[in-house]
Structure formats: C-alpha cells, structure tokens
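Following: one structure in structure tokens, then a few remarks.
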Amino acid sequence: MNFEKKKIRSDQYIKRRETAKNAASWIFKKTKSHFLIIAIVIGGLFITYNVGAKVIDTISTLSFKNVILSVVSSPIKEDAYGHTNFLLLGIGGGEHDGAELTDSIIVASLNEENKLVPMISIPRDLFVKDEKIGNDRINRYYELTKLTYENEGYTETEAQTLALEDTSIKIGEILGIEIQYYALIDFDGFTEIVDAMDGIDVYLEESFYDDQYPIGETGLYETFSLPAGENHLDGESALKYARSRKTTSDFDRGLRQQSILNAIKEKALSTGVLTSPSKIKNLYEAITGNFVTNLSLTEMASLGEMADEFDQDSMLSQVINDDPGKVGGFLYTPPREEYNGAFVLVPSSGDYSEIQLFTNFFFYHTKIYQENIPLQVVNSSKTEGMATDTMVYLTRYGLNVVRWGNAPRIGETETSMFDIGTTPNTDSETKNALIQLIPTVTTQTIVPTDYSPMNWESEAEILIELGSNFTQFYEENYDKKFYYWVQ
535 MNFEKKKIRS DQYIKRRETA KNAASWIFKK TKSHFLIIAI VIGGLFITYN VGAKVIDTIS
595 TLSFKNVILS VVSSPIKEDA YGHTNFLLLG IGGGEHDGAE LTDSIIVASL NEENKLVPMI
655 SIPRDLFVKD EKIGNDRINR YYELTKLTYE NEGYTETEAQ TLALEDTSIK IGEILGIEIQ
715 YYALIDFDGF TEIVDAMDGI DVYLEESFYD DQYPIGETGL YETFSLPAGE NHLDGESALK
775 YARSRKTTSD FDRGLRQQSI LNAIKEKALS TGVLTSPSKI KNLYEAITGN FVTNLSLTEM
835 ASLGEMADEF DQDSMLSQVI NDDPGKVGGF LYTPPREEYN GAFVLVPSSG DYSEIQLFTN
895 FFFYHTKIYQ ENIPLQVVNS SKTEGMATDT MVYLTRYGLN VVRWGNAPRI GETETSMFDI
955 GTTPNTDSET KNALIQLIPT VTTQTIVPTD YSPMNWESEA EILIELGSNF TQFYEENYDK
1015 KFYYWVQ
C-alpha cells in the first residue's frame, strides 16, 4: 500500500529534535499513571475482603491488611519472562451509539521481582486486519467480536467473555506478548467510583481548556476547563478530563486517563476511605457493577498481597504514537481516501515488528531506561545523512542519543561500539539493545586515539561509529526503519 511518504529535510528535523533529545529520561519519568491499580488492585482488594456482606459492617474494627491477608490466595499466571500482563479496557457504556467502543486500551506488565509495572497505551485509531471481523480500528474490535458471537447464538455474558478473550489475543499479537488477564471498566461507572470516594485530587502542570466537550447526545457543546495546580474533581469532572479529546491529541488523552486512574487508586487506598465503612461499601458496589475481569477471587487476593510492594515510582508509562521523533512513534497517518475517508493510524514499517521490539525492551529489559546511558552516533561512511537518521531511529526506541554527526575519520569498513566514558558499561542492557538495532555493530575494547579524551570531547558514554558495512542494512531498511515523514 502506498502511503505517499516523503522525508523531512534533516535540518528541519533537527529543529524538532530538542523535544526528543532526552527521550530515555522522559520515558522513565516517574508518572502518576496506572490503570492497573484501579482495574486490578482496587478491584482485587475490595472484592476479596468482601467475601461476606458482614465484612463491610465490621470493617472499621479490623486491620485492612489483615482482612486482605486472611483471604486464601493463589499464584497469578506469568509468562516466560516471569511477568504478568494485563489488558485494561475502558468503554463508554450507556445506551448511546459507540457504548462498547474501547477508547482506552492499556497493557500493563507486572513484575514482582523488580517491582516495576511498565505499561503501554495503544491508540484507539490503530487500523487492524482480522479474518473474523474484517478491517477496522482497534477500538471496534471488542464491540464487533462481541456482536459476532451474539449473532452466533451466544448469550450476552458468553459473548462478552469470548470477545474479551479474543481482544486479549489480538492486542497480544500486536505487541508480541502473551496476555494473561483482562479487565473491562464501564466509564459510566467511572463517575460512580469517583463519587463513592467523595472525589479525587489531580495536579495539572498547566491549565486545561476544551470548548468543544459534547453535551450528552444533544449535538451541542460546552466549555470544560481546569486551572494549573491542584484540582479536586467529582465524578463528572474527572470523566470529562479523562475523555476530552477535541483540543488535544488522542495520545495526550491516553496519558490523562492514566493520571486520573492513578488518582483513583491513591484515594481508594487512603485512610479516609479505608476507615469509612460507608465509603468502602459504595466503592465496592460501584466497582462490581461496572467491572469485568477473568481474574479469580483468589488471584485478586494474591495481587492484593503485593500492593504494598509497588508505589508511584514503580509505574512507567508510554504511548504508541505517530510522532517519529518521540519514543514510541511507530505509527503513521495514511491518506484518508485509502481508508474510505476514515482517519486511521498504521505502522510506518508496514507491520508490527517495531512495536513488538519496543514492547520487549520496555516490558522485559526496563534497565535500558533506568541506565539512560548517553550515546553518540557518528558516520564514518560516505553515505550522507546516516548519523541523523540513525539518531532518530534509536530515539524512537527510547535510547538517549545526545550527539550525532560525521566521524573524524572517514572510510571505516566496520561499524563499532566504543566505551568513551570514564566507566566501562559492561553487561549493559543498552549495549544489548544496540546490537539488536544495529546488526553490523561490534563491541571494541580498544578506543581509537581519535576518540580519546584528549582528542574527542563528548558527554556520551558510548559511541557508535557507523562504517560502510552498515550501509546495506541502512539502504535496505530506509523506508521501514529510518523514517521521519510528513504527507
């Protein structure tokens, strides 16, 4: 399929580079975002200790933790890496059109060993092909699959379960992982959850303004705004903030949803809620009425026992997006006429291979982003522009390229990786990632005099010198990997 892509001039792109220069530190920013907590920890904790109705009546006299630990737990499932992956879906709910579109799609990967929970948001407009439902946006996959099963004679509950299982498999295929559990939350119930706790507190770095927020199904709009700083939101305001999309991007919307849901987690586990039997009861009823998961009660109890091991610093978030100069920018907007006038997003590489490799790095080799090693890329070949293109390519995976340009020596055959910092980066996850991303690179133990501290000033710790043996890989993958296009 011809997406009519064209390359941005390097000098134009470099002006945009400032926003992506410190990509690795941005990706590892301690975010206040985690849908996993509302879908898994809150649901798990409150459901498990409410095995009997009398528990709610007597909860004020018991230790919250003791109540949780008194429930028999069972181990949660893990993948080959020892991670437990959760698909977290949010739907609009209600009776209006699009009530079952999954406009919030997040995959979280919990690893009890390293106490980290990286998560990736998938944009709702991602275009997918499927034999069962045809070709459509990913946010319709659950809805159409469920409808297919209902048309085949399954009950609504059976169809929902099968559709959630299929959606888990589909999202797993896109990311290249196995998904053990799913959780679906109805955003109509989202407001009930927030109001059951007397609201939540959200801090905004800058003011928020949307003058096109829809008023129900009237076709009219209203203005919704929030000032910078601390904001106390009721259920309706929290939902508006989470779902507003006309004046910001869909990717910003995904990050706002994660922030809101983390605020719910913080409030739900606060003393003011845990010591109030009435709030606990209201929250439990709000969750159970709007929450579907394949986690068993005993598995939820097991997650509940882990809750104290994870905090805000454990949570890492990223969004697959369409800005090739940012981390996760693996998507592209093709001409609408090729998709019957619809706005969709497709992988720039033509397949999911880049997204899958990034997911593997972000979920299973998170040390890459903890290390945040500054890199420099220099071009020793006679192929112009290769250093800049490689910088963009590495940035997209979250590597921290701080300098790039021509090498002091031209005509080298080999592509080499040198430690030019004061401390050798032995056994580095970043080096392993570079070997995967630059197949022709070899690690050298002796640094050439051209790159010695006396002759070469650089804040980088690792230098990649691109030789002529990299040229073939570069040219063969020019459109699939070394892109930063506009229409």
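The working numbering puts the sequence shown at residues 535 to 1021. From the three backbone atoms N, C-alpha and C, an ideal C-beta is built for every residue, glycine too. Just so it is clear, the structure is predicted and the values come from calculations on it, not from any experiment.
Query: With three or more beta-carbon pairs closer than 8 angstroms as the criterion, would you say the region 650-666 touches the region 851-866?; Result: yes
Query: Take P908 as the anchor and find which of K965, Y716 and L696 has the nearest alpha-carbon.; Result: K965
Query: Report buried or exposed for I980, applying the criterion of at least 16 other Cβ atoms within 10 angstroms of its Cβ.; Result: exposed
Query: Suppose the cutoff is 6 angstroms on Cβ atoms and the five residues either side in sequence are ignored; what does the same chain contact list for K801 look like?; Result: M731 and I734
Query: In angstroms with no decimal places, state the Cα-to-Cα distance between D664 and Y1008.; Result: 32 angstroms
Query: What's the gap between the Cα of G1001 and the Cα of S882?; Result: 26 angstroms
Query: So, helix, strand or coil for A614, using DSSP?; Result: coil
Query: Please identify the residue among R943, Q910, L865 and Y931 whose C-alpha is closest to the C-alpha of R937.; Result: Q910
Query: Output yes or no for whether 8 angstroms exceeds the beta carbon distance between S643 and V651.; Result: yes
Query: How would you call L865, buried or exposed, if buried means at least 16 neighbouring beta carbons within 10 angstroms?; Result: buried
Query: Leaving out five residues before and five after I713 in sequence, what residues of the same chain have Cβ atoms less than 8 angstroms from its Cβ?; Result: N619, F620, L621, V641, S702, I703, I705 and G706
Query: Cα-Cα, which of I972, S962, Y747 and V878 is closest to I672?; Result: V878
Query: DSSP three-state label for D847, please.; Result: helix
Query: Starting from the C-beta of P761, find all residues in its chain whose C-beta is less than 6 angstroms away, skip the five residues before and the five after it, and write them out in chain order.; Result: S741
Query: Quick one: what does DSSP say Y818 is sitting in, helix, strand or coil?; Result: helix
Query: Could you tell me if N496 is buried or exposed, where buried requires 16 or more neighbouring beta carbons within 10 angstroms of its beta carbon?; Result: The first residue shown for the chain is 535 and the last is 1021, placing residue 496 beyond what the model contains.
Query: Using a 10 Å radius around the Cβ and a threshold of 16 neighbouring Cβ atoms, would you call R943 buried or exposed?; Result: exposed
Query: Which ranges does the beta strand (DSSP E) cover as unbroken runs of at least 3 residues, wholly within the region 725-749, from first to last along the chain?; Result: 734-738 and 742-748
Query: Between T752, Y818, N874 and N940, which has its C-alpha nearest E918's C-alpha?; Result: N940
Query: Can you say whether M920 is buried or exposed, counting buried as having 16 or more other CB atoms within 10 angstroms of its CB?; Result: buried
Query: My assumption, with CB atoms under 8 angstroms, is that T949 sits in contact with N1003. Please give the rounded CB distance.; Result: 6 angstroms
Query: From L678, Q694 and H617, pick the residue whose C-alpha is nearest to that of K649; which is it?; Result: H617
Query: Check whether the region 886-905 and the region 815-823 are in contact - that is, three or more C-beta pairs closer than 8 angstroms.; Result: no
Query: So, helix, strand or coil for P881, using DSSP?; Result: strand
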